[in-house]
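Asks:
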Amino acid sequence: MGKLERRLDTLQTVELAEGMEIHLRIAGPFLRLYAYLLDLVVMIAAVILIWIVIGISSFALGGNVAVGLINLALFVLLWFYPVFFEVSRKGATPGKMVLGLRVVNEAGGTLTFGASMVRNFVRIVEMIFPFLPLFSFLNPRFQRLGDLAAGSLVVYTRDRQDPVYLGPPALDSIPVNVALTREERAAIISFRHRSGNWSEARRAELGNHLNSLTGQAGSKGVATIVGMAHWLEDHS
Amino acid sequence: MNRQEFEQRKSAEWSNLDLRIKGLEGRGPAVEPEKIPGMFRRVCHDLALAQYRMYGSLICDRLNSLSIRGYRLIHRSKGGFGECSIQFVFNTFPNSLRREWKLFVVSSLVFWIPFFLMWWSASLEIAWVQAILGPEMMMQVEGMYGKDADTVEYLRGEHGANFQMFTHYIKNNVGIDFKLFAGGILYGIGTLFFLVFNGLYIGAVFGYVDYAGDPEKLLTFVAGHSSFELLGMIVVGMAGLKVGFALLAPGRLSRAQSLTQAGRYALPLLIGGALMTGLAAVVEGFWSAQAISGNVKYGVGIFFWVLHLVYFLFVGRGQRGA
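Taken in order, these protein sequences are the chains called A and F.
Oh and the first sequence: position 216 is 216 in my numbering, straight run, nothing missing.
Oh and the second sequence: position 289 is 289 in my numbering, straight run, nothing missing.
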């Protein structure tokens, strides 16, 4: 089995109890920073709203009660705003929802209340020392400290954005006479499936890497690869 | 069977499952959920097949996201809130306290030693206490517990004052708890800092009241909620130290793995300690300032301390630690 040592993609493979593997698509730090800034805006708006609503109702409630209600509301908002959203059905704060992200546990499921608390309370330290979130760049799954402590990941929920256009149909089926590893066969097949996204020149450029297998260059080589992919799909 | 055949034969069922899951996710018409687990398992099987046979990203991506959504629905941990709470209070929390009894000792010492040192220092040399409190806090303490200060009961006479103080304690003290826990991520230094600082500060208040005020007023006020508040802080300190030690001495695990594991063990301590602090705010807001004789207040305070002792030592013992 030719398994590559280190993959270049951000897919996180998880094996589930059902006996199969799923691939989670991990979101990077930049997108998460945007999501955080969006959430900050939402929170500021919520604080202003709370002040206005309770400020107006203070005439009926009395000053002390109003101050108390503002205390409670701010406490809940500051500490539990992300927690409530992350354990909800959407699994994401509004900022993350807008960007199509979701917080999950390491098996891809929704976080528990406690895990979400851990994840978000650690953020207070990361706000005091703003260099700490940078460590998520060093982690292959882009986990910040809070994610590590809670065992959580931030993943994409929306489907892959680049639509898959099938490449040109195979003109004929070309048998492959060389023993290939599974990875290599998968690469040839996915070349066919993804080649619809590329220009003619790009196809030829990538196809030239398979010179040794096809024995041809340029668009002829591409046609051969597509033919081989067709044969492989029929014979696997 | 090749790819097209596979897709043709299964596609209808996949769309069907997609529709049902959408319904349960609240993005479509309501559906009957009975059939979903079976269909989910068949889709899992299809995904494994498609991956093994390399049917390409078109099919695999579709099945992958379908499986993830199905998994989320089926493996949702939706235990009843009531049952979970009872389980937590009578089993999980006290058992994890006893399991981490060494951390309890450490956390307690880190708080109590600075506390008593500071309190005691006031009888020798008041300058340390004054340096820690600062002029504003000293004035505030004198206003509340000074020899000729208005009693707390009088200050709380206004409508809603009790409620306001209760929320103030929730916001401040539970907030401090959360910071105490978060500080653990800095190899425990943050937690140690907050524990020592709180010990020094509270000790300084006691010392200053001894020096310049009326200790009776302070002691009757704090008697009721002292056990909840101080023990709650110490318990949250344990959670922070747990995380800190996991980073300092990860043993055979990597630091990241060790942190994840410690997070799981620290969680009951964090929640339990924060709940205790919340209860302290209730007592402090609605009981501690009542105009009741000092002896009753001392009695209630001692009762709560004994209650904590019994709870920590005996509740949930013998049950399987969760």
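Positions of the beta carbon are idealized from the N, C-alpha and C atoms, including for glycine.
Given 8 Å as the limit, is there contact between the region 209–226 of chain F and the region 136–151 of chain F, that is, 3 or more CB pairs closer than that?
Replies: Contact holds: three or more Cβ-Cβ distances are below 8 Å.
Asks: So, does the CB of ALA27/A fall closer than 8 Å to a CB anywhere in chain F?
Replies: Taking the first residue of the first sequence as position 1, residue 27/A is located at position 27. No - not a single Cβ of chain F is within 8 Å of the one on ALA27/A.
Asks: If we count the other Cβ atoms within 10 Å of its Cβ and call it buried at 16 or more, is TYR52/F buried or exposed?
Replies: Here residue 52/F refers to the residue found at position 52 of the second sequence. That one is exposed.
Asks: Are the CB atoms of ILE126/F and TYR211/F nearer to each other than 8 Å?
Replies: Numbered from 1 along the second sequence, position 126 holds the residue referred to as residue 126/F. Numbered from 1 along the second sequence, position 211 holds the residue referred to as residue 211/F. Yes, they are a contact pair.
Asks: Using beta-carbon positions only, say whether SER152/A and VAL104/A come within less than 8 Å of one another.
Replies: Working through the first sequence from its first residue, we reach residue 152/A at position 152. Working through the first sequence from its first residue, we reach residue 104/A at position 104. Yes, the Cβ-Cβ distance between SER152/A and VAL104/A is below 8 Å.
Asks: Need the endpoints of the beta strand (DSSP E) that ILE22/A sits in, please.
Replies: As a working note, residue 22/A is residue 22 in the first sequence. Its beta strand (DSSP E) spans residues 21–25.
Asks: Report the residues of the region 233–266 of chain F with a CB closer than 8 Å to any CB of chain A, ordered along the chain.
Replies: Going along the region 233–266 of chain F in chain order, one finds VAL243, ALA256, LEU259, THR260, ALA262, GLY263, ARG264 and ALA266 with a Cβ nearer than 8 Å to chain A.
Asks: How many angstroms separate the CA atom of LEU213/A from the CA atom of LEU17/F?
Replies: Here residue 213/A corresponds to residue number 213 of the first sequence, with the count starting at 1. Here residue 17/F corresponds to residue number 17 of the second sequence, with the count starting at 1. If I take the Cα positions, the gap works out to 41 Å.
Asks: Could you list the residues in the region 91–112 of chain A with a C-beta less than 9 Å from some C-beta on chain F, going in chain order?
Replies: Within the region 91–112 of chain A, the residues whose Cβ lies closer than 9 Å to some Cβ of chain F are GLY91, VAL104, GLU106, ALA107, GLY108, GLY109, THR110 and THR112, listed in chain order.
Asks: Please name the residue in ARG255/F, GLY183/F, GLY207/F and ILE170/F whose C-alpha comes closest to that of ILE128/A.
Replies: Here residue 128/A corresponds to residue number 128 of the first sequence, with the count starting at 1. It is GLY183/F.
Asks: For the region 141–158 of chain A, enumerate the residues whose C-beta is nearer than 7 Å to any C-beta of chain F, in chain order.
Replies: Within the region 141–158 of chain A, the qualifying residues are LEU145, LEU148, ALA149, ALA150 and GLY151.
Asks: What is the residue span of the alpha helix (DSSP H) that GLN290/F lies within?
Replies: Within the second sequence, the letter at position 290 stands for residue 290/F. Per DSSP, GLN290/F belongs to no alpha helix (DSSP H) and is neither H nor E.
Asks: In chain order, what residues of the same chain have a beta carbon less than 7 Å from the beta carbon of ALA186/A, not counting five sequence neighbours either side?
Replies: Along the first sequence, read from residue 1 onward, the residue named residue 186/A stands at position 186. Around ALA186/A: no qualifying Cβ.
Asks: Which residue spans inside the region 43–130 of chain A form an unbroken alpha helix (DSSP H) run of at least 4?
Replies: Within the region 43–130 of chain A, the complete alpha helix (DSSP H) runs of at least 4 residues are 63–86, 94–99, 113–121 and 123–128.
Asks: Could you spell out the range, first to last residue, of the beta strand (DSSP E) harbouring THR13/A?
Replies: Numbered from 1 along the first sequence, position 13 holds the residue referred to as residue 13/A. Note, THR13/A: beta strand (DSSP E), 11–15.
Asks: In angstroms, rounded to a whole number, what distance separates the CA positions of THR260/F and VAL155/A?
Replies: The residue given as residue 260/F occupies position 260 in the second sequence. The residue given as residue 155/A occupies position 155 in the first sequence. For THR260/F and VAL155/A, the distance between alpha carbons rounds to 18 Å.
Asks: With which residues is GLY224/F paired in a DSSP beta bridge?
Replies: For the purposes of this step, residue 224/F is identified with residue 224 of the second sequence, where counting begins at 1. DSSP, once it has assigned bridges, lists no residue as partnering GLY224/F.
Asks: Taking 8 Å as the threshold (C-beta atoms), are GLY26/F and ARG158/A in contact?
Replies: As a first step, residue 158/A is located in the first sequence; it is residue number 158 there, counting from the start. As a first step, residue 26/F is located in the second sequence; it is residue number 26 there, counting from the start. Cβ distance not < 8 Å, so ARG158/A and GLY26/F don't count as in contact.
Asks: Quick check: the Cα distance between GLY19/A and TYR34/A, rounded to an integer number of angstroms?
Replies: By 1-based counting over the first sequence, the position of residue 19/A is 19. By 1-based counting over the first sequence, the position of residue 34/A is 34. So the two alpha carbons sit approximately 36 Å from each other.
Asks: I think PRO250/F touches SER96/F, with their Cβ atoms under 8 Å apart; what is that distance to the nearest whole Å?
Replies: Position 250 of the second sequence holds residue 250/F. Position 96 of the second sequence holds residue 96/F. That pair is no contact at about 20 Å.
Asks: Am I right that LEU247/F and SER258/F are in contact with their C-beta atoms under 8 Å? What's the rounded C-beta distance?
Replies: One-based indexing of the second sequence puts residue 247/F at position 247. One-based indexing of the second sequence puts residue 258/F at position 258. Sure, about 7 Å apart at Cβ, within 8 Å.
Asks: Using the C-alpha atoms, what's the distance from GLY114/A back to TRP101/F?
Replies: Taking the second sequence and counting its residues from 1, the one referred to as residue 101/F is at position 101. Taking the first sequence and counting its residues from 1, the one referred to as residue 114/A is at position 114. Near 22 Å, if we compare the C-alpha coordinates of GLY114/A and TRP101/F.
Asks: Considering just the uninterrupted stretch of the beta strand (DSSP E) at LEU153/A, what are its terminal residues?
Replies: The count along the first sequence starts at 1 and reaches residue 153/A at position 153. LEU153/A -> beta strand (DSSP E) spans 152–156.
Asks: For the alpha helix (DSSP H) holding GLU83/F, just list the boundary residues, first then last.
Replies: By 1-based counting over the second sequence, the position of residue 83/F is 83. 81–87 is the extent of the alpha helix (DSSP H) around GLU83/F.
Asks: Is there a C-beta anywhere in chain A that falls below 8 Å from the one on TYR71/F?
Replies: Your numbering for residue 71/F matches position 71 in the second sequence. It does: the Cβ of TYR71/F has a partner Cβ on chain A nearer than 8 Å.
Asks: Who are GLY146/F's beta bridge partners in DSSP?
Replies: Counting from 1 along the second sequence, the entry for residue 146/F is found at position 146. GLY146/F is bridged to GLY213/F.
Asks: Just to make sure I have the definition right: I need the residues of chain D whose C-beta is within less than 9 Å of the C-beta of ASP234/A. Which are they?
Replies: Structure shown: chain D not included; protein chains present are A and F.
Asks: By the criterion of Cβ-Cβ separation under 7 Å, what are the contact partners of GLU216/F in chain A?
Replies: If you number the second sequence from 1, residue 216/F lands on position 216. Within 7 Å Cβ-Cβ: nothing; GLU216/F doesn't reach chain A, min ~27 Å.
Asks: So is GLU233/A buried or exposed if we call it buried at 16+ other beta carbons inside 10 Å?
Replies: As a working note, residue 233/A is residue 233 in the first sequence. It counts as buried.
Asks: Using a Cβ distance threshold of 8 Å, determine whether the region 111–125 of chain A contacts the region 74–87 of chain A, with at least three qualifying pairs required.
Replies: Taking 8 Å as the limit for Cβ pairs, the verdict is that the region 74–87 of chain A does touch the region 111–125 of chain A.
Asks: Would HIS209/A be called buried (16 or more neighbouring beta carbons within 10 Å of its own) or exposed?
Replies: Against the first sequence, residue 209/A aligns to sequence position 209. Exposed.
Asks: So, for ALA201/A: in the same chain, excluding its five sequence neighbours on each side, which residues have a beta-carbon less than 7 Å away from its beta-carbon?
Replies: Numbered from its first residue, the first sequence carries residue 201/A at position 201. Contacts found: none.
Asks: Once DSSP output is grouped into helix, strand and coil, what is the label at TYR143/A?
Replies: Along the first sequence, read from residue 1 onward, the residue named residue 143/A stands at position 143. The question names Tyr, yet the displayed sequence has Gln at residue 143/A. Coil.
Asks: Got a sec: is the Cβ-Cβ distance from ILE50/A to anything in chain F below 8 Å?
Replies: Residue 50/A sits at position 50 when you count from the first residue of the first sequence. By this cut-off, ILE50/A is not an interface position.
Asks: Could you give the distance in angstroms between the alpha-carbon of HIS159/F and the alpha-carbon of GLY285/F?
Replies: Mapped onto the second sequence, residue 159/F falls at position 159. Mapped onto the second sequence, residue 285/F falls at position 285. Cα to Cα, HIS159/F sits roughly 13 Å from GLY285/F.
Asks: According to the Cβ coordinates, are LEU195/F and VAL129/F closer than 8 Å?
Replies: The sequence position of residue 195/F within the second sequence is 195, counting from 1. The sequence position of residue 129/F within the second sequence is 129, counting from 1. No, the pair does not count as a contact, with Cβ atoms beyond the cut-off.
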